[in-house]
Amino acid sequence: MSVVRVILVGLGARSRIWQRVLDEDPRTEIVGLVEANPAALAAAMQDRAGIVGGASIAEVAGRVDADAVILVTPPNNRDAQIAQACEAGLAILAEKPLADSVAAAERHVNAAKSAGVPLMVGLNFRYLAVTQAMKRLWAKDGVGRPAFGRFNYERWRDGTLPLLNRYPLTMDQPMLWEQSIHHFDLMRYVYDAEPVAISARTWNPPWSMYSGDANVSALITFSNGIEVTYQGTWAGNWNNLGFNWRTDCEKGIALQAEMFGALSFARRDDANMTPVTLPKTEIWRDDAAALLADFVSHLSDGSPLNCSGVDHLKSLRMVEACILASTTGITINPASLTSLAEPDGRTIPTRSSPLKVHSEIRKY
Numbered sequence: 605m606s607v608v609r610v611i612l613v614g615l616g617a618r619s620r621i622w623q624r625v626l627d628e629d630p631r632t633e634i635v636g637l638v639e640a641n642p643a644a645l646a647a648a649m650q651d652r653a654g655i656v657g658g659a660s661i662a663e664v665a666g667r668v669d670a671d672a673v674i675l676v677t678p679p680n681n682r683d684a685q686i687a688q689a690c691e692a693g694l695a696i697l698a699e700k701p702l703a704d705s706v707a708a709a710e711r712h713v714n715a716a717k718s719a720g721v722p723l724m725v726g727l728n729f730r731y732l733a734v735t736q737a738m739k740r741l742w743a744k745d746g747v748g749r750p751a752f753g754r755f756n757y758e759r760w761r762d763g764t765l766p767l768l769n770r771y772p773l774t775m776d777q778p779m780l781w782e783q784s785i786h787h788f789d790l791m792r793y794v795y796d797a798e799p800v801a802i803s804a805r806t807w808n809p810p811w812s813m814y815s816g817d818a819n820v821s822a823l824i825t826f827s828n829g830i831e832v833t834y835q836g837t838w839a840g841n842w843n844n845l846g847f848n849w850r851t852d853c854e855k856g857i858a859l860q861a862e863m864f865g866a867l868s869f870a871r872r873d874d875a876n877m878t879p880v881t882l883p884k885t886e887i888w889r890d891d892a893a894a895l896l897a898d899f900v901s902h903l904s905d906g907s908p909l910n911c912s913g914v915d916h917l918k919s920l921r922m923v924e925a926c927i928l929a930s931t932t933g934i935t936i937n938p939a940s941l942t943s944l945a946e947p948d949g950r951t952i953p954t955r956s957s958p959l960k961v962h963s964e965i966r967k968y
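Counting from 1 along the sequence shown, just add 604 to a position and that's the residue number in our numbering.
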């Protein structure tokens, strides 16, 4: 496959990044656009002569030869999009989260598996230079194996800004599904371990503009013994992004003091932190480009599919475990929230009774 022909689905705020990285990658070509809003579709088509536009994947895929779709759409109600992509035999790269419930995400993963099409989820934070550098710290700089961590994220996210997607304003758990999902995935990826126990509380401060809970506090235990105290908010009452991820290790600490950088480390008796030199990068663009490159490599030469749908389910179960733990007051093992068979054939049981953990989201 010399050039991957892509149908871009959804023309909201995030699609601007995808259009740019697709245009800049010589191995990809946008051949179709899908958007339910006729005005938005017409405006985008003006700048892209010769491509096919329509209101559904089925409509566009029936009129143009394509290899893949990129879903830049809200996580709810993706069943039709996944089904149409599978019917057309198109590989799928979906913006995170794949769905707004574990059950829906499992349906999508099973549908792609049955159709034999690759399914990747856009966990672009894995591709940040600071993430890759942190993952190398444990051995290279002699701080030893991680033992416990503290992950704080405080933000005043104005959901009415034109450059932001607005559907999170009406979600039951916007912080968890839209932001914490990144943080949980980073923990799994950087610590190279799976969560085995989560206790949590979610709530909404009185000044929040979000319908659902914008605050999360959790204690997370991983399979290798690492314990992480997590706090995240989209309703922090100071318009200044706060990010601090500290990991205490056998011989010292690692500290990421900014969301996209400021990584340093220190051994136990060091007087000062030692900064880690990071390459100059353009945030949002470079990490999305690296994610796309992995997707294209998989389609072109069979390279491993990173951020697969199956892997993403493990991060989504952390989200649902937080919701269930907050609702019931009990500690949850995320692995219990599944109905999919594990690779060795074992089937992990689902929870015995369904729990409503999300509501309908306005289409965007």
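Glycine included, each C-beta is placed from N, C-alpha and C at the ideal position.
Residues near residue i by beta carbon distance below 7 Å, same chain, minus five either side
i: Arg624; result: Arg889
i: Pro947; result: Caution is warranted here: a pLDDT of 38 is assigned to Pro947, below 50, making its placement in the model unreliable, and the coordinate value is therefore given only provisionally. Within the same chain, Pro947 has no close Cβ partners at all.
i: Leu909; result: Pro722, Met724, His902
i: Ala653; result: none
i: Ile857; result: Val747, Arg850, Thr851, Phe869, Ala870
i: Phe864; result: Leu732, Val734, Ile887
i: Trp842; result: Trp760
i: Ala617; result: Leu767, Leu768, Asn769
i: Thr885; result: Ala733
i: Ser912; result: Leu723, Met724
Simplified DSSP state of residue i, which is helix, strand or coil
i: Ala870; result: strand
i: Cys853; result: strand
i: Met724; result: strand
i: Arg618; result: coil
i: Leu612; result: strand
i: Ser718; result: helix
i: Leu845; result: coil
i: Leu697; result: strand
i: Val635; result: strand
i: Tyr793; result: helix
i: Gln623; result: helix
Residues near residue i in its chain [Cβ-Cβ closer than 6 Å; skip 5 each side]
i: Glu758; result: Thr837, Gly840, Gly846
i: Ala640; result: Ala659
i: Pro936; result: Residue identity check: residue 936 is Ile in the sequence provided, not Pro. Only Ile802, Ala925, Leu928, Ala929 meet the Cβ criterion.
i: Asp891; result: Asn728, Tyr731, Leu732
i: Glu831; result: Phe752, Thr825
i: Ala715; result: Ile686, Cys690
i: Gly816; result: Met775, Asp776, Gln777, Pro778
i: Glu862; result: Phe847
i: Ala719; result: Cys690
i: Asn756; result: Gln835, Asn848
i: Asn828; result: Ala797
Chain-order list of residues whose beta-carbon lies under 8 Å from that of residue i (same chain, five-residue window excluded)
i: Leu694; result: Ile611, Ile661, Ala665, Ala670, Asp671, Ala672, Val673, Val721
Run of the beta strand (DSSP E) containing residue i, from where it starts to where it stops
i: Glu831; result: 831-837
i: Val803; result: Looking at the sequence shown, residue 803 is not Val but Ser. Unbroken beta strand (DSSP E) run through Ser803: 799-807.
i: Ile824; result: 819-826
Chain D contact for residue i (CB, 8 Å cutoff)
i: Leu767; result: Of the protein chains in this structure there is only one, and it is not chain D.
Residue interval of the alpha helix (DSSP H) (run including residue i)
i: Ile978; result: Nothing can be reported for residue 978: it is not among the residues displayed for the chain, which extend from 605 to 968.
### Message
Just to confirm the assignment: which complete alpha helix (DSSP H) runs, minimum length 4, are found wholly within the stretch 728-785?
### Response
733-744
### Message
My parser needs the alpha helix (DSSP H) runs of 4 or more residues fully inside the stretch 638-695; what are they?
### Response
642-650, 661-665, 683-691
### Task
Evaluate contact between the stretch 810-821 and the stretch 727-738, counting only Cβ atoms and requiring at least three cross-stretch pairs below 8 Å.
no
#### Entry: Complete beta strand (DSSP E) runs within the stretch 859-911 (minimum length 3 residues, chain order)
865-871
### Query
Does the stretch 633-647 come close enough to the stretch 698-708 that 3 or more CB-CB pairs lie under 8 Å?
no
### Message
Quick test of the definition: if touching needs 3 or more C-beta pairs under 8 Å, does the stretch 781-801 touch the stretch 812-832?
### Response
yes
### Query
Is the stretch 706-713 touching the stretch 736-753 in the sense that three or more CB pairs, one from each, lie closer than 8 Å?
no
### Task
Would you check if there are 3 or more beta carbon pairs closer than 8 Å linking the stretch 916-935 to the stretch 780-792?
yes
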